[in-house]
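**Q** Anchor point for the sequence shown: position 351 equals 350 in numbering that gives the first Met the number 0, and the numbering is continuous, going up by one each time. Just so it is clear, CB atoms sit at the ideal spot from N, CA and C, and this is done for glycine as well. These figures come from a predicted structure and were not determined experimentally.
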Amino acid sequence: MKQTLQRLIPKQDWALALVLSILAALPRLYRLDLAEFKLDEANHYRMAYFLTRGAWRWVGSTSSVGLPKPPLFVYTLALPMTLSRDPRVITGFLGILAALATGAFYLVLRRFMGKKASFGAALLFALNPQAVLYARKLFTADLLPPLCTLFLITGIAFIESPRRRVGRLAMLTTFTFALLVLTTFSPLILLPTLVLLFLERRRDLKPLHWFGAGAVFVLPFVPYLVAVTPRIPAALANAGGAPSSTSPSLLLNWTWGMLYGSPWPASLSSVVGIAALSLLVLSLLGLPFLLNEARRKERGRWARFFLTWLCLSPLLMLIMQVEIHAHYLVLLYPLLLVLPAAGVELATRKANALGWAALLLLGVTAIWQAQTWGYVLHAAATGSQGYGTPLGYWWRAAEQARELAEQEDAAEVLLLMPGDRSWDAKANILDALLSDTPHRLVDGHTTVVYPPHDTILLIASEVETSATLTFPCTQDLESDLTASPLGGTYHYRLWSPAHAGASSCTQTLLPATAQWASGVRLLGYGVTGTVQPGASPHVILHWETTQGPLDTDVHWFHHLEDQTGQRWGQFDAVGWPAARWQPGDRVLLHFDLPIAPDAEPGPYILRVGQYTYPGIENIPVVDVAGNPADYAVALPVPTR
């Protein structure tokens, strides 16, 4: 087998492929702390982590059409995660796959083109800023270029194979296509390309070959289809058959961005303009070259394969009845770079000197692309431009919390964040990165939690009020971190119920006693600020959980009433979600309660109660025997 490969691929080509792979690895692996890391990346990280802990899953993340994707991407991330939980290592694994795909792409092109054209195409793929970007994220599209390269290899082997091997290679090609679709749905656009391959070899395929190819495509999807079938009607209803919002001009701009790595330059008189113009001219020359090659019968199969992939896929995007996103075009990598390479090949066949000149132009373009990627990294590092908070900032914050918890022998970490819902990026990203550490999320705008055990509080700078409330009864760990190049900090404090000042945060509150059927016991309350019509006094409730977590979604209502029962203010809140309760948690729920400007002057009563959501059923206040006593508790409001 080794001797066969050496005959097919000269040692010099192996060496060039290795050089190109190393060159591609440099921008993909350099400064991974500056990699993009948002909600999608955090969700994939979380799923992969729990997969390594035995939480098997048959679906991946939710697609833009509301249907869960197949889980191959999550399983791929789980491979490096078995060795390290560091997201930089896992991101680097995807970068290595893309770098290897660069060398493989060169070797594939060498079968049909000369060294100059093949090297030029692979060089552009190695340094293209967009191609680099889509190898540095825990995002499903980042796995497509390596898998597309694998599909390219098996497809070429299939259409070029001798008749005795066509059946096995038909199954292998279909299986690699299945891997693409098991990653995300956008590769379904390549289905006509797969059909073309089988049409090219239809005379050599026997019924058993067709059956085998169909089986290896369908069987990997069986667990996924069993899991996802009940959700398909709802997803189709949400899709609604709305026409695609993608215009031909927008699709053309996206495709150019993938090819060039940047939008069309404003001026053609600079190096940037010359690089763009050179790439465009060579690509336009390459298209008729491929068309001419496709006219040949059996020897033109590869060109027909390439053209179907490059031309038919974007056209299908225009007629699809779903919303199209720019990252769908990642499935054109790395084959899209064959267009300028074909222009180099055409120039080389005209005259060797022309070929070198064309390759030189591609080299200038590649150098500019590498420089552009440097600008992207600088912008990400300084926060002047880019894609939000880089990965390194998130990871340092999580690692700091983990190390402090170990150092202080704390039982868990509480994340006091500016929001705790599924769409709140800061909370959910840190939640994912602390998957291996006991922790809970807290909406720091309204809530502070004091568990019955030693706890590290990780407080975001956006929730200053909550941070201030913790100061009297927690210890400063003097370990602030910068949260992002865009600004903000993380502050770390230690809560210890055995500490001498543990009661300092609640000792100024008014005593109160009430018990709800949910297991919540009211301990005290406070009202600060001006209490008069048009004002917004600040209210604090101090309560304790005696059970939890609960499956019921518990909400609080707070009604400000006068002595006649007329309501002049209201504030409803989740507070501390019941799904996160643990017995012994003490909670400070704080908020501003606006009083109507036309309200009667006080004194007022604050009527506090609970209800289930979305059922909107009151949770009764109970007596010492546990029997329902009232729907709420009335608390006198001090006048100021």
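Which value, in whole angstroms, describes the spacing of the CA atoms of G91 and L433?
**A** If I take the Cα positions, the gap works out to 20 angstroms.
**Q** Kindly indicate which three-state DSSP category I231 falls into: helix, strand or coil?
**A** In the structure shown, I231 sits in a helix (DSSP, three-state: H, G or I).
**Q** Assign L15 to one of three DSSP states: helix, strand, or coil.
**A** Reduced to three states, the DSSP call for L15 is helix.
**Q** Would you call T512 buried or exposed, if buried means 16 or more other Cβ atoms sit within 10 Å of its Cβ?
**A** By the 10 Å Cβ count, T512 comes out exposed.
**Q** Sort R84, P582, E405 and L429 by Cα distance to T388 and report the nearest one.
**A** Among R84, P582, E405 and L429, the Cα nearest to that of T388 is on L429.
**Q** Quick check on this structure: which residue in Q531, V526, P496 and E616 has the alpha carbon closest to the alpha carbon of D552?
**A** The residue with the shortest Cα to Cα distance from D552 is E616.
**Q** Just reading off the beta strand (DSSP E) that I458 is part of, what are its end residues?
**A** First-last of the beta strand (DSSP E) with I458: T454 to A459.
**Q** Taking 7 angstroms as the threshold (C-beta atoms), are H554 and Y610 in contact?
**A** Yes; because the gap between Cβ atoms is below 7 angstroms, this pair is in contact.
**Q** Closer than 6 angstroms by C-beta to A241: which residues in its own chain qualify, once you throw out the five before and the five after it? Chain order, please.
**A** With a pLDDT of only 49 at A241, under the threshold of 50, the placement of this residue in the model should not be trusted; the figure read from the coordinates follows. Within the same chain, A241 has no close Cβ partners at all.
**Q** Using C-beta distances below 8 angstroms, list every residue in its chain close to L33, excluding the 5 sequence neighbours before and after it, in chain order.
**A** So the list reads L376, A379, A380, P389, L390 and G391, once near-sequence residues are dropped.
**Q** On the DSSP letters alone, give me the boundaries of the alpha helix (DSSP H) that V519 sits inside.
**A** It is not in any alpha helix (DSSP H) - V519 instead sits in the beta strand (DSSP E) that spans V519 to T527.
**Q** When the Cα atoms are used, what is the spatial distance from S460 to L403?
**A** So the two alpha carbons sit approximately 19 angstroms from each other.
**Q** May I have a chain-ordered list of the alpha helix (DSSP H) segments no shorter than 4 residues that lie completely inside the stretch 90–142?
**A** Here the runs fully enclosed are 114–126 and 128–132.
**Q** Using a 10 Å radius around the Cβ and a threshold of 16 neighbouring Cβ atoms, would you call N291 buried or exposed?
**A** It counts as exposed.
**Q** According to DSSP, is Y374 part of a helix, a strand, or is it coil?
**A** It is helical.
**Q** Between which two residues does the beta strand (DSSP E) containing I539 stretch?
**A** From DSSP, the beta strand (DSSP E) with I539 extends over H537 to T544.
**Q** Going straight from the alpha carbon of V573 to that of Q474, what length do you get?
**A** So the two alpha carbons sit approximately 28 angstroms from each other.
**Q** From S483 to Y489, what distance separates their C-alpha atoms?
**A** Distance between the alpha carbons of S483 and Y489: 10 angstroms.
**Q** Decide if the stretch 219–232 is in contact with the stretch 194–210; the criterion is three or more beta carbon pairs, one per stretch, under 8 angstroms apart.
**A** As far as the Cβ criterion goes, the stretch 219–232 does not touch the stretch 194–210, which means the pair count is below three.
**Q** Per DSSP, which one or two residues make a beta bridge with W575?
**A** Note: W575 sits in no beta bridge, so no partner.
**Q** List the whole-angstrom C-beta distance separating I594 from A633, where the pair is believed to meet the contact cut-off of C-beta under 8 angstroms.
**A** In fact, because the Cβ distance is near 17 angstroms, the residues do not count as touching under 8 angstroms.
**Q** Use the C-beta contact count for F470: other C-beta atoms within 10 angstroms, 16 or more gives buried, fewer gives exposed.
**A** Answer is exposed; the Cβ neighbour count stays below 16.
**Q** Under the three-state reduction of DSSP, which class applies to D550: helix, strand or coil?
**A** Three-state DSSP puts D550 in coil, outside helix and strand.
**Q** Within the chosen definition, does the stretch 290–306 reach the stretch 226–234 through at least 3 CB pairs nearer than 8 angstroms?
**A** They do not touch, by the three-pair rule.
**Q** Counting C-beta neighbours from all protein chains within 10 Å, is the total for E40 16 or more, i.e. buried, or is it exposed?
**A** Result: buried.
**Q** With DSSP as the reference, label D629 as helix, strand or coil.
**A** D629: strand per DSSP, three-state reduction.
**Q** Alpha carbon to alpha carbon, what distance is there between F556 and A631?
**A** In a straight line, the C-alpha of A631 is about 9 angstroms away from that of F556.
**Q** Between the beta-carbon of A365 and the beta-carbon of G285, is there less than 7 angstroms?
**A** Their beta carbons are not under 7 angstroms apart, which means A365 does not touch G285 by this criterion.
**Q** Are G500 and P510 closer than 7 angstroms when you measure CB to CB?
**A** Not a contact, by the Cβ cut-off of 7 angstroms.
**Q** Would you say F72 and L142 are within 7 angstroms of each other, going by their C-beta atoms?
**A** Yes, they are a contact pair.
**Q** For a test of the three-state rule: what should DSSP assign to D475, helix, strand or coil?
**A** Strand, per DSSP.
**Q** Could you spell out where the beta strand (DSSP E) holding V607 opens and where it closes?
**A** Residues Y603 to T611.
**Q** Considering H665, what are the terminal residues of the alpha helix (DSSP H) in which it resides?
**A** Here the chain has residues from 0 to 639 only, and residue 665 is not among them.
**Q** Residues in its own chain within less than 6 angstroms of A409 by CB, not counting five upstream and five downstream?
**A** Same-chain partners within the cutoff: D453, T454 and I455.
**Q** Using the rule of at least 16 other Cβ atoms within 10 Å of the residue's Cβ for burial, across every protein chain shown, is D584 buried or exposed?
**A** Buried, since its Cβ has 16 or more Cβ neighbours within 10 Å.
**Q** Taking the DSSP output, what are the residues bridged to R420?
**A** Looking at the DSSP assignment, R420 forms no beta bridge with any residue, so it has no partner.
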